[in-house]
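Following: one structure in structure tokens, then a few remarks.
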Amino acid sequence: MKSRVLSVIPDTLNAYVQIFDHQNASWSIALPQVQTDANRIIKLLQNYHNGEVPDDLAKRRFIRDIEKLPEIEVQLHLKGVLEAVCKNKQSSVSFFEEALKYSNDYNVCSNYWKALKTFGLTSESIKKGYELAKLCHGYEMQNELLNHSMMILDIENQKRIFDILKKANKLSKDADIENMLLEVECMEKFIEHTDLTEEELNQVGQIAYDLLAENEVEFVANEIKHKKQRPNLSVSYIIDSEKLSADKLFDLNFEFADRLIERNLHTIPVVAQFKRRLLNKKLESSEVSNVG
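Just so we're aligned: 16 in numbering that gives the first Met the number 0 is position 17 of the sequence shown, and the numbers increase by one with no gaps anywhere.
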């Protein structure tokens with residue numbers, strides 16, 4: 000039986016990894032040259048940004064033009080993009096799922112992934128991202144998902160994606176590989192010497208992602224720490240203090256704790272919390288830590 004006492008772990012380990020994917024990337028428009036009308040529609044949809052959405056008349060015109068296109072899969076694809084621009088998640092996902100029945104083309108998968116990001120990444124959308132990246136062999140998507148697999152504490156998929164990108168020599172220059180590997184080492188060493196499982200750790204990350212998405216709060220980094228004299232692994236999600244008040248941070252951490260208790264994760268040897276990054280670069284955490 001593995002012990003919760005970690006005196007056998009020789010070193011203090013600490014890793015800090017930042018989000019590097021590009022949330023505001025444009026929709027993919029590399030459709031076949033014969034699809035000039037489809038490319039024109041995509042370019043017009045790119046004009047909507049910073050929360051702008053087409054009005055009812057503009058949307059009806061987009062639908063009219065899309066339905067004139069000859070290929071049903073292109074119609075479904077563009078309707079998925081249109082609904083994403085209009086902030087209609089359920090409709091957008093439905094159209095993209097239908098489009099995938101006809102084609103797993105990179106542009107369909109890439110735009111589906113971008114649509115999911117516009118609605119706020121949840122644990123389920125990360126899982127869908129894994130599936131889409133496998134379908135289209137998209138290295139750009141894989142690099143983003145490598146980063147998110149670390150943030151969501153998904154060791155299995157982090158190692159899988161890292162191997163794919165390394166073998167293909169496609170690792171992003173933006174990725175902080177050194178610190179990613181330190182995070183994996185820290186988590187794996189901790190798991191090796193305790194009764195914590197990879198699945199339990201991933202569940203903590205999933206709850207964090209879902210809670211932040213529900214509250215429309217973005218985080219900029221996570222930090223994994225372990226000091227050998229302590230029996231817990233420390234996981235912190237770092238949030239820009241300009242976008243979150245101290246009171247809201249306090250509420251988020253209470254909700255985080257409640258959800259961990261609901262999932263029976265409050266007894267595992269992990270201390271997880273949200274922290275604010277202040278303008279002077281110091282970190283301020285809520286007085287509430289959600290597990291310990």
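For each residue, glycine too, the CB sits at the ideal point set by N, CA and C.
- The C-alpha of I18 lies about 24 Å from the C-alpha of V107.
- Contact between Q205 and I151 holds: CB atoms are separated by about 6 Å, below the 8 Å threshold.
- Boundaries around E222 are those of the beta strand (DSSP E), F218 to H225, since no alpha helix (DSSP H) includes it.
- A direct Cα-Cα distance of roughly 36 Å separates D36 from E213.
- Within its own chain, the residues whose Cβ lies closer than 6 Å to the Cβ of L200, once the five positions on either side in sequence are excluded, are L152, listed in chain order.
- In the structure shown, the three-state DSSP call for V52 is coil.
- Leaving aside the five residues that flank V219 on each side, the residues in its chain whose CB is nearer than 8 Å to its CB run, in chain order, Q17, I18, I237, I238, D239 and R276.
- Shortest Cα-Cα distance from K188 to any of V92, I223 and A167 involves I223.
- Spatial neighbours of K242 in its own chain (CB-CB distance under 8 Å, excluding positions within 5 residues in sequence) are listed in chain order as V216 and E217.
- Runs of alpha helix (DSSP H) with 4 or more residues, each lying fully within the stretch 147-176, are found at 154-166, listed in chain order.
- Nearest to F95 by alpha-carbon distance, out of T121, K158, G128 and R63, is G128.
- Going by beta carbons, E198 and I190 fall outside the 8 Å limit.
- Pairing R258 with L210 gives a Cβ-Cβ distance under 8 Å.
- By the neighbour-count definition (other C-beta atoms within 10 Å, threshold 16), K78 is a buried residue.
- The beta carbons of W26 and L44 sit about 6 Å from each other, so the pair counts as a contact at 8 Å.
- Taking a C-beta distance under 8 Å as the contact criterion, S124 and L134 do not qualify as a contact pair.
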